[in-house]
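Protein chains in written order, with the numbering used here: chain A, 109 to 257; chain B, 109 to 257; chain C, 109 to 257.
Ideal Cβ placement from N, Cα and C applies to all residues, glycine included.
From a predicted model like this one, the values you see are computed outputs, not experimental measurements.
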Amino acid sequence: MGRVEERLRELGIELPPPKTPVANYLGTKRAGDLLFVSARVSELRGEVGTEVSLDEAYAAARQTLVSLLSIIRADIEDLDRIASVDKVLGFVRSASTFTKQPRVIDGASDLLVEIFGEAGRHARTATGVAQLPFGAAVQLEMVLGLRSA
Amino acid sequence: MGRVEERLRELGIELPPPKTPVANYLGTKRAGDLLFVSARVSELRGEVGTEVSLDEAYAAARQTLVSLLSIIRADIEDLDRIASVDKVLGFVRSASTFTKQPRVIDGASDLLVEIFGEAGRHARTATGVAQLPFGAAVQLEMVLGLRSA
Amino acid sequence: MGRVEERLRELGIELPPPKTPVANYLGTKRAGDLLFVSARVSELRGEVGTEVSLDEAYAAARQTLVSLLSIIRADIEDLDRIASVDKVLGFVRSASTFTKQPRVIDGASDLLVEIFGEAGRHARTATGVAQLPFGAAVQLEMVLGLRSA
Chain A
109 MGRVEERLRE
119 LGIELPPPKT
129 PVANYLGTKR
139 AGDLLFVSAR
149 VSELRGEVGT
159 EVSLDEAYAA
169 ARQTLVSLLS
179 IIRADIEDLD
189 RIASVDKVLG
199 FVRSASTFTK
209 QPRVIDGASD
219 LLVEIFGEAG
229 RHARTATGVA
239 QLPFGAAVQL
249 EMVLGLRSA
Chain B
109 MGRVEERLRE
119 LGIELPPPKT
129 PVANYLGTKR
139 AGDLLFVSAR
149 VSELRGEVGT
159 EVSLDEAYAA
169 ARQTLVSLLS
179 IIRADIEDLD
189 RIASVDKVLG
199 FVRSASTFTK
209 QPRVIDGASD
219 LLVEIFGEAG
229 RHARTATGVA
239 QLPFGAAVQL
249 EMVLGLRSA
Chain C
109 MGRVEERLRE
119 LGIELPPPKT
129 PVANYLGTKR
139 AGDLLFVSAR
149 VSELRGEVGT
159 EVSLDEAYAA
169 ARQTLVSLLS
179 IIRADIEDLD
189 RIASVDKVLG
199 FVRSASTFTK
209 QPRVIDGASD
219 LLVEIFGEAG
229 RHARTATGVA
239 QLPFGAAVQL
249 EMVLGLRSA
């Protein structure tokens, strides 16, 4: 078992079956040593700040990251090929008065560091939008660095 | 005539004159083998889900991609230099109840695959925003991979 | 003193102390010759088009860029290592009728060209969102190219 897989097991995280896109795009696309990862939305639906609490949205960001990892594993086969997490872009479906988007996306950032350690620390943008696909609460995309070999 | 140009002709697509930015930014910027492509908005104005239908928004995404291609051609001169479409980021000006942003951005993704085949399949994020420049319905940016030579 | 620092002095710009992230992400992350720069929000709060004017928002975009430069300097130590500005993504907290997001983000683009000249010209996306972290008026992220050495 790979190191990342072992770390996931230690954290009690089981990757779900990957939901790969059914349309004309890919779950991930490699460009040199970069891996562009398509956005996924959280299973949790609802507007954060009214229908969804900060804690629920934090958990939804964590869940969305787990979902992304399952797609990434399906594409690159071995999560140990991930050398670094370079960039996370997180959209939070925000009530007009909700301004704690960074605290929501911490759900993903915290888990990345739990799994990958220092290599999991990344540049990040967390922002608020009025609506998301399927009415989801959170949406995440990433750019990863892969080992050259 | 290049292969991409020939494919565009087969599809009955004529690239319009490129609308290059008039401010202090560029239509595209090369970084190694990556080409960052500035966002363009659709000619179609209006909020999707109320003023603009899903089908109209899909067509607007397709039109916006054609507009991007004309800018890219003006900058790199030969569209055959495009090795891959790495990433598409699409913003849909969404009514508060509209949640089918991915179906809108399919208008761009489908055309990319029609033109470039497998190399046109990309990582993608489709999200909803409350407002766009000029009140447009759709906004698209891309990251492309270029051939080294 | 480096060339960029000298240029900043000529422009009368003093970089503030860097506000590095306190959560599990970084101000910047290097990936090969690219530097992904985490988003920062403007000190100015408020909705553009109602509470905040276009001119105020333009100034806020400029201020946000200065804030990003201070973080970048803290991370890469010498701003002369910046070879190019590749990409700017700007979010404007927009009233439902405000559609001049590009004119707001010009505040950052104009300053980039004042500082870096041609190398400061970049690909760009300026879009409108309903809410931003801390209720800020403007949010900016960047991708820079670094010199290899």
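query	result
Are Phe144 of chain B and Thr235 of chain C closer than 8 Å when you measure CB to CB?	no
Rounding to the nearest angstrom, what Cα-Cα distance links Val174 of chain A and Gly110 of chain C in this structure?	44 Å
Whose C-beta lies closer than 8 Å to the C-beta of Leu123 of chain A among residues of the same chain, with five residues either side of it excluded?	Leu116, Val174, Leu177, Ser178, Arg181
Interface residues of chain A around Leu99 of chain C at Cβ under 8 Å?	As shown, chain C starts at 109 and ends at 257. That puts residue 99 of chain C outside it, with no answer to give.
State the start and end residues of the unbroken alpha helix (DSSP H) segment that holds Ser175 of chain B.	162-184
In whole angstroms, give me the CA-to-CA distance for Glu113 of chain C and Arg211 of chain C.	27 Å
Please list the partners that Thr136 of chain B has in chain C, where partner means a Cβ-to-Cβ separation under 8 Å.	Ala231
Could you tell me whether any Cβ in chain C is nearer than 8 Å to the Cβ of Val221 of chain A?	yes
Where DSSP assigns a beta bridge to Phe144 of chain C, which residues make up the other side?	C:Lys137, C:Val251
Over the uninterrupted beta strand (DSSP E) stretch that includes Asp188 of chain C, give me the two end residues.	First-last for Asp188 of chain C: undefined, no H or E at that position.
Kindly list the residues whose CB is nearer than 6 Å to the CB of Lys137 of chain C, restricted to its own chain and excluding five residues on each side of it in sequence; keep chain order.	Phe144
Any residues in the region 158-177 of chain C with a beta carbon nearer than 9 Å to a beta carbon of chain B? Which ones, in chain order?	none
Roughly how many angstroms lie between the CA atoms of Val149 of chain B and Leu142 of chain B, to the nearest whole one?	22 Å
Could you work out which residues of chain A lie near Glu249 of chain C, taking near to mean beta carbons separated by less than 7 Å?	Thr233
Candidates A:Glu151, A:Glu159, A:Val130: which alpha carbon is nearest Ala168 of chain A's?	A:Glu151
Quick one: is Gly253 of chain C buried, meaning 16 or more other Cβ sit within 10 Å of its Cβ, or exposed?	buried
DSSP on Glu123 of chain C, reduced to helix/strand/coil?	For the record, residue 123 of chain C in the displayed sequence is Leu; it is not Glu. If DSSP states are grouped into helix, strand and coil, Leu123 of chain C belongs with coil.
Check the DSSP bridge columns for Leu197 of chain C and list the partner residues they point to.	C:Thr233, C:Glu249
For Ala203 of chain A, which residues from the same chain have a beta carbon less than 8 Å from its beta carbon, with the 5 sequence-adjacent residues on both sides left out?	Glu155, Val156, Gly157, Thr158
For Ser202 of chain C, return the contacting residues in chain B, with the cut-off set at a CB-CB distance below 8 Å.	Ala238, Gln239
Which residues in chain A sit within 7 Å of Leu142 of chain B, going by Cβ to Cβ distance?	Ala139
Give the C-beta separation of Asn132 of chain C and Arg229 of chain A to the nearest angstrom, bearing in mind that I take them to be a contact with Cβ-Cβ under 8 Å.	6 Å
Starting from Phe224 of chain C, trace the alpha helix (DSSP H) both ways and give me its first and last residue.	209-224
Are the C-beta of Ser58 of chain B and some C-beta of chain A separated by less than 8 Å?	Residue 58 of chain B lies beyond the stretch modelled for chain B, which goes from 109 to 257, so this question has no answer here.
Between Gln171 of chain B and Pro241 of chain C, what straight-line distance do the alpha-carbon atoms span, to the nearest angstrom?	33 Å
I'd like to know if Ala227 of chain C contacts chain A, where contact means its C-beta is closer than 8 Å to some C-beta of that chain.	no
Which residues in chain C sit within 7 Å of Ser217 of chain A, going by Cβ to Cβ distance?	Ala131, Asn132, Tyr133
Quick check on DSSP: helix, strand or coil for Val283 of chain A?	This structure does not reach residue 283 of chain A, given that chain A is present from 109 up to 257, and the question cannot be answered.
Taking the alpha helix (DSSP H) that Val112 of chain C falls in, what are its first and last residues?	111-118
Counting only beta-carbon atoms, is Ser256 of chain B nearer than 8 Å to chain C?	no
Based on DSSP bridge pairs, tell me the residues matched to Ser192 of chain C.	C:Gly253
Using beta-carbon positions only, say whether Ala227 of chain A and Ser192 of chain B come within less than 8 Å of one another.	no
Quick one: residues in its chain with C-beta nearer than 6 Å to the C-beta of Asp183 of chain C, no 5 flanking neighbours on either side, listed in chain order?	Gly135, Thr136
Report the residue from A:Ser256, A:Gly120, A:Glu249 whose alpha carbon sits nearest the alpha carbon of Leu197 of chain A.	A:Glu249
Taking the CB atoms as reference points, tell me whether Thr207 of chain B and Gln239 of chain A lie closer together than 8 Å.	yes
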